[in-house]
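Undergrad: One structure, as structure tokens, below. Some questions next.
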Amino acid sequence: MMAESSDMPQGNVPDLAAPTSPDEWVKEYGDALFRYALAKVSQVPLAEDLVQETFLAAWQGREAYAGSASPLTWMIGILRHKIVDEFRRQGRVATAGLDPEAEPANAFTRRGHWQRPIGHWPRDPQSLLENREFWEVLDRCVDKLPANLASVFQLREIEQVDTNSLCGQLEISPANASVRLYRARALLRRCLEMTWFTAE
Amino acid sequence: MSLKNLQQILTLACDGASRLISEQMDRELSFAERLALRLHTLGCRNCPRFMRQLGLLRTVARRREQALLESVRQEGPKLSGEARTRIRQTLRKASESDSS
Chain A
10 MMAESSDMPQ
20 GNVPDLAAPT
30 SPDEWVKEYG
40 DALFRYALAK
50 VSQVPLAEDL
60 VQETFLAAWQ
70 GREAYAGSAS
80 PLTWMIGILR
90 HKIVDEFRRQ
100 GRVATAGLDP
110 EAEPANAFTR
120 RGHWQRPIGH
130 WPRDPQSLLE
140 NREFWEVLDR
150 CVDKLPANLA
160 SVFQLREIEQ
170 VDTNSLCGQL
180 EISPANASVR
190 LYRARALLRR
200 CLEMTWFTAE
Chain B
146 MSLKNLQQIL
156 TLACDGASRL
166 ISEQMDRELS
176 FAERLALRLH
186 TLGCRNCPRF
196 MRQLGLLRTV
206 ARRREQALLE
216 SVRQEGPKLS
226 GEARTRIRQT
236 LRKASESDSS
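Spelled out as structure tokens, the structure:
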């Protein structure tokens, strides 16, 4: 039906450079973009706005689309930018729902030892990789991150952006990025520990 | 963060070690940093676990993202009719005012 794979012959890929109906775009890609946005921001009105902004940006930039990636992949790239921009707009928020003792500033004794020992996680990481329930737990933990930490985690860990590009995109120093990543990882690790590995 | 002398290497505690563990995921550690971290983890029960768990977090986050990208085409909530209409109208206005 919809040619998404880049293996498909060119004739089957919708030609975005031609004056295509924007209505068609919404019909073909609206739900997919909405689902991605909702997975990242968890609020329906915000997700809708991000989808709209993405379509507008895609429409304005349609000449630049070279057809190198599938249309949906291209638009998700735009959407991801919008999501990170939204995180930046939200600014710093308190770490509600996360263990405050997992913040590196609070997690060590004066001598530099862990206040709380790092728990042992069962030795079967492979099974977790395909475990949908675990994914949902991870999603909820990531959702609790304050926006300034969520942005670095999304860019570095999920989109695999290198640190230089990350600093450029967020307009922060490498030192700042390093601290934020450290905090995000420590908080998420502890959140997973509490909600999955030692959940009562 | 960089370690500049022997004393720092020998006295690296869990706070410094955990920071290096995180840094290592984004850049290459210096020789001194690598040595300090290795020495520390030899005698520490917690930090090796911390390292393994951060590694697992990265792997699962990436896999989960992959699954998300695959799933958005097939399943999940849909745009409401109202939202869909609103978006189409906004797009239509933008494309009509487009003078190209």
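Residue numbers (the working numbering), protein chains in the order written: chain A, 10 to 209; chain B, 146 to 245.
Note that beta-carbon positions come from the ideal geometry of N, C-alpha and C, so glycine has one too.
1) Can you tell me where the alpha helix (DSSP H) holding A:His90 begins and where it ends?
2) Less than 8 Å between C-beta atoms, sequence neighbours within five positions excluded: which residues of the same chain meet that for A:Ala195?
3) Does the segment 164-178 of chain A come close enough to the segment 152-164 of chain B to have 3 or more Cβ pairs within less than 8 Å?
4) Using a Cβ-Cβ cut-off of less than 8 Å, give me the residues of the segment 167-188 of chain B that come near chain A, in sequence order.
5) By a C-beta neighbour count over all protein chains shown, 10 Å radius and 16 as the cutoff for buried, is B:Ser242 buried or exposed?
6) Apart from the five residues just before and just after A:Ala26, which ones in its own chain have a Cβ nearer than 6 Å to its Cβ?
7) Could you tell me if A:Arg192 is buried or exposed, where buried requires 16 or more neighbouring beta carbons within 10 angstroms of its beta carbon?
8) Taking just the CA atoms, how far does B:Arg237 sit from A:Phe162?
9) Using DSSP's beta-bridge definition, name the partner residues of A:Trp68.
10) How would you label B:Glu220, buried or exposed, when you count the other beta carbons within 10 angstroms and need 16 or more for buried?
11) Bridge partners for A:Phe117 per DSSP, in chain order?
12) Counting beta carbon pairs with one atom in the segment 133-151 of chain A and one in the segment 192-205 of chain B, are three or more of them shorter than 8 Å?
13) Does any residue of chain B bring its CB to less than 8 Å from the CB of A:Ala41?
14) A:Thr172 versus chain B: which residues are under 9 Å apart at the beta carbon?
15) In terms of alpha-carbon separation, which member of A:Ile167, A:Lys153, A:Glu72, A:Gln61 lies closest to A:Ala105?
16) Does B:Asn150 have its Cβ less than 8 Å from a Cβ in chain A?
17) Less than 8 Å between CB atoms is the rule here; does A:Arg165 satisfy it with respect to chain B?
18) By DSSP, does B:Ile154 sit in helix, in strand, or in coil?
19) List the residues of chain B that A:Asp32 touches, going by C-beta distances under 7 Å, in chain order.
20) Note down, in chain order, every chain A residue with its Cβ under 8 Å from the Cβ of B:Leu155.
21) Three-state secondary structure (DSSP) at A:Leu107?
22) Could you list which residues in chain B have their beta carbon closer than 9 Å to that of A:Glu110, in chain order?
23) Report the residue from A:Ala156, A:Val93, A:Met203 whose alpha carbon sits nearest the alpha carbon of A:Val102.
24) So what's A:Thr207 in DSSP terms, helix, strand or just coil?
TA: Looking at the atomic coordinates:
1) Residue 90 of chain A sits at position 81 when you count from the first residue of the first sequence. Counted as a single uninterrupted DSSP element, the alpha helix (DSSP H) harbouring A:His90 occupies residues 80-99.
2) One-based indexing of the first sequence puts residue 195 of chain A at position 186. Same-chain partners within the cutoff: Ala111, Glu112, Pro113, Ala116.
3) no
4) Ser167, Glu168, Met170, Asp171, Arg172
5) Sequence index remark: in the second sequence, residue 242 of chain B carries index 97 (1-based). It counts as exposed.
6) Residue mapping note: residue 26 of chain A aligns to position 17 of the first sequence, counting from 1. Model confidence at A:Ala26 stands at a pLDDT of 46, short of 50, so the residue's coordinates are unreliable; what they give is reported in the following sentence. Within the same chain, A:Ala26 has no close Cβ partners at all.
7) Against the first sequence, residue 192 of chain A aligns to sequence position 183. Buried.
8) What you label residue 162 of chain A is simply residue 153 of the first sequence in a count that begins at 1. What you label residue 237 of chain B is simply residue 92 of the second sequence in a count that begins at 1. Near 35 Å, if we compare the C-alpha coordinates of B:Arg237 and A:Phe162.
9) Here residue 68 of chain A corresponds to residue number 59 of the first sequence, with the count starting at 1. DSSP lists no partner for A:Trp68.
10) Here residue 220 of chain B refers to the residue found at position 75 of the second sequence. The residue is exposed, with fewer than 16 neighbouring Cβ atoms inside 10 Å.
11) If you number the first sequence from 1, residue 117 of chain A lands on position 108. Answer is A:Trp123.
12) yes
13) Numbered from its first residue, the first sequence carries residue 41 of chain A at position 32. True, the Cβ-Cβ gap to chain B drops below 8 Å.
14) Residue mapping note: residue 172 of chain A aligns to position 163 of the first sequence, counting from 1. Here the neighbours are Asp171, Arg172.
15) The residue you call residue 105 of chain A lines up with position 96 of the first sequence. The shortest Cα separation from A:Ala105 among A:Ile167, A:Lys153, A:Glu72, A:Gln61 belongs to A:Lys153.
16) Looking up residue 150 of chain B in the second sequence gives position 5. Not an interface residue.
17) Stepping through the first sequence from its first residue, residue 165 of chain A is reached at position 156. Taking a beta-carbon distance threshold of 8 Å, A:Arg165 counts as an interface residue toward chain B.
18) One-based indexing of the second sequence puts residue 154 of chain B at position 9. DSSP places B:Ile154 in helix when its eight states are reduced to three.
19) The sequence position of residue 32 of chain A within the first sequence is 23, counting from 1. Near A:Asp32 (Cβ distances below 7 Å), the residues of chain B are Arg233.
20) Here residue 155 of chain B is taken as the residue at index 10 of the second sequence, counted from 1. Counting only Cβ-Cβ distances below 8 Å, B:Leu155 has no contacts in chain A at all, with the closest Cβ about 13 Å away.
21) The count along the first sequence starts at 1 and reaches residue 107 of chain A at position 98. A:Leu107 falls in the coil class under three-state DSSP.
22) In the first sequence, the residue the question calls residue 110 of chain A occupies position 101. Going along chain B, no residue has its Cβ under 9 Å from A:Glu110, so there is no contact; the nearest lies around 13 Å.
23) For this step, residue 102 of chain A is matched to residue 93 along the first sequence. Here the closest residue by C-alpha is A:Ala156.
24) If you number the first sequence from 1, residue 207 of chain A lands on position 198. DSSP places A:Thr207 in coil when its eight states are reduced to three.
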